[in-house]
Structures are given as structure tokens and as C-alpha cells.
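A.B. asks: Going by our numbering, the sequence shown opens with residue 14, and the numbers climb by one from there.
Glycine included, each C-beta is placed from N, C-alpha and C at the ideal position.
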Amino acid sequence: MANGYGKVAIAGTGTIACGLAAVASTTGDDVVVLARSDESAERAKASIEKFAGRLEGADAAKVTVTTDRADLDGCDLVVEAIVEEVSAKGELLAALGEALPEADLATTTSSLGVAAIGEASGHGDRVFGLHPFNPVPRMDLVELCVLDGSKDGISDRATVWCEAIGKTVVPVPDTAGFVVNRLLFPYLFDAVRFQTASGMPAEDVDSCMNLGAAHPLGPLALLDLVGLDVSQAIGEALYAESGDEAHKPPERLAELIGEGKLGRKSGAGFFDYSS
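#1: Would you report the Cα separation of Leu109 and Lys20, rounded to the nearest angstrom?
#2: Taking the straight line between their C-alpha atoms, what separation do you get for Glu176 and Ala210?
#3: Please return the same chain residues whose Cβ sits closer than 7 Å to the Cβ of Asp51, not counting the five positions on each side in sequence.
#4: Distance check for Gly256 and Ser287, CA to CA, integer angstroms please.
#5: How about Pro150 and Leu68: are their beta carbons less than 7 Å apart?
#6: Would you report the Cα separation of Asp138 and Lys164, rounded to the nearest angstrom?
#7: Can you give the beta carbon distance from Val140 to Leu106, rounded, assuming they're within the 8 Å contact cut?
#8: Residues in the same chain with beta-carbon distance under 7 Å from Lys278, minus the five sequence neighbours each way, listed in chain order, please.
#9: Check Pro232 in the structure and name its three-state DSSP category.
#10: I'd like to know whether the C-beta of Ala112 is nearer than 7 Å to at least one C-beta of chain D.
#11: For Lys58, which residues in the same chain have their Cβ closer than 7 Å to its Cβ, ignoring the five residues on either side in sequence?
#12: Name the two residues that bound the continuous beta strand (DSSP E) containing Phe283.
#13: When the Cα atoms are used, what is the spatial distance from Pro229 to Val76?
#14: In the DSSP assignment, find the unbroken alpha helix (DSSP H) run with Glu216 in it and report its ends.
#15: Rounded to the nearest angstrom, how far is the Cβ of Thr26 from that of Ser53, given a contact under 8 Å?
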């Protein structure tokens, strides 16, 4: 197949899933998004249309959003993009792998072990890591983690598909956080600890990194973009594997999460997005 895969399914309706669906539509092939409920399906449709409207070559009409797993028939790639929990990911991939015995199975995990997810799914030789970055339409990188003993051709097919949707592929080892998050989150968490200890306004901390280190987004705003709950989960997974205190989520994250401040998606985090 010219694009690596002919019909692609994305299981999930979050920001990563919807962004990836819009990007995948640029190949001209059919894309199916699997939602858990009618409500989440409607939200996903709106989000995909928004992403596609800003992306050259994207066509939201090529994306079918459904709650019926039977609509995934004929898909040769299934990309799981749900909550960062091994059990949840494994359960979903187990069911989809059984329903689609010839399909390659990808997980967009940003912090969990691919081998652990594959083992939980019962389809370990078909599961690989395909980690795009948020916002998917704008970020070039995909971290690709294909395990030893995986089904023949997965690495080649996945690489061709990622390149067809305009992404740069970097093969990475199966380690918590892969490369980017493993190196990035100690910096982000240190920024939280520094802001808490110093009492500096979040705006000033971020401005220092924007202007002094040429970072397009400051560390606290980046945490808000990722989601404070997601960031906490990533940190917990990193810390569980490494035992490195730099990977341990700061207490301030838990405090903000407890207040319902999850970042941009909730309207508030380190910054206020309500206006």
C-alpha cells in the first residue's frame, strides 16, 4: 500500500485522537474514529472538523466517527488513544485485536511500557508504540517503538504511514516516557517547584524561558497544554520506573488537580483560560 495502510482506525476521542484523525485524512484514505458514547462522538466530530479546517489537505468528510466497533471492519491499523492506564489500553486492544486479526495495533502511550501494554492485550507481537505530540497537526515528531519479536513488517508499514501524514519518525527504545518526555518532564516539574518556592508569578517564570532560552512555550503553559492530570500520570510512570526524584510529580500539581484545575481543557491551571 502506498501509504503503509489502507484503512485506519483511531480508538479514542481526546485531543490526540482527533488531531491524529484530521492529519490522517490528508492521505485521502478512510479513517474511522471509535467513540465510547454518542456524546463523545459528537464532540469528536466538532473537534476533527476544527482541526481539519486549519490543516492543508485534510478532509473531515473522510473521517467517520462511530460508536459501533463493526464499523472498523477492514482496518489494517488500529491506533489506541485513550487514558494512560495499562489495564484500560490492554483491554481495548485485546478486543480490537480479536475483532481485527490481521490489523497492526498501535498505542499512543506517552509514559507506559509498550511491552506491558502488549502483554495485557494478549497480542504482544502486534502492538507497537506510536507516540505523536500535541497539537498533532503542528508537531512533526512521532516516536516509534517497535519491539523485538514483533510481527514482520510493522516497522516499515508504520514508518511509511507516518511519513505519508507528514511526520518525522524516530525509532525509540521501550522505556517509560521514550525520549522526549523522559528528558522534558524533569525540567517542567523543576519549573513548578521553582515557581512554588520563589513565589514568582507563573507569567514571569514562563517569560524568562520564552525570552532567555527561546522556548516558544514556557514550562507552566506547556503543562497546562498537556493537562495537569496527564502530566501527573506521566510523572508517576516515569518515577515508578526510574526512582529518580526529578521524575516525581510536584505536590503543587496534585493541589491544582484537586481544585479541578487541569489546564487549558478545564479553563484553568497555572493560567486562566476562561476568557
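C.D. replies: Checking against the coordinates, here is how it stands:
#1: Cα-Cα distance, rounded: 14 Å.
#2: Distance between the alpha carbons of Glu176 and Ala210 is about 44 Å.
#3: Answer for Asp51: Thr80, listed in chain order.
#4: If I take the Cα positions, the gap works out to 37 Å.
#5: It is a contact, given that the beta carbons lie within the stated cut-off.
#6: The alpha-carbon atoms of Asp138 and Lys164 are separated by roughly 5 Å.
#7: Indeed, because the Cβ distance is near 6 Å, the residues count as touching under 8 Å.
#8: For Lys278, where only same-chain residues beyond five positions count, the Cβ hits under 7 Å are Gly240.
#9: The DSSP-derived three-state label of Pro232 is helix.
#10: Absent from the structure is chain D; it holds one protein chain and no more.
#11: Result list for Lys58: Val78, in chain order.
#12: Run containing Phe283: none; DSSP gives neither H nor E here.
#13: In a straight line, the C-alpha of Pro229 is about 31 Å away from that of Val76.
#14: Start and end: 215–225.
#15: Contact holds; Cβ gap of about 5 Å.
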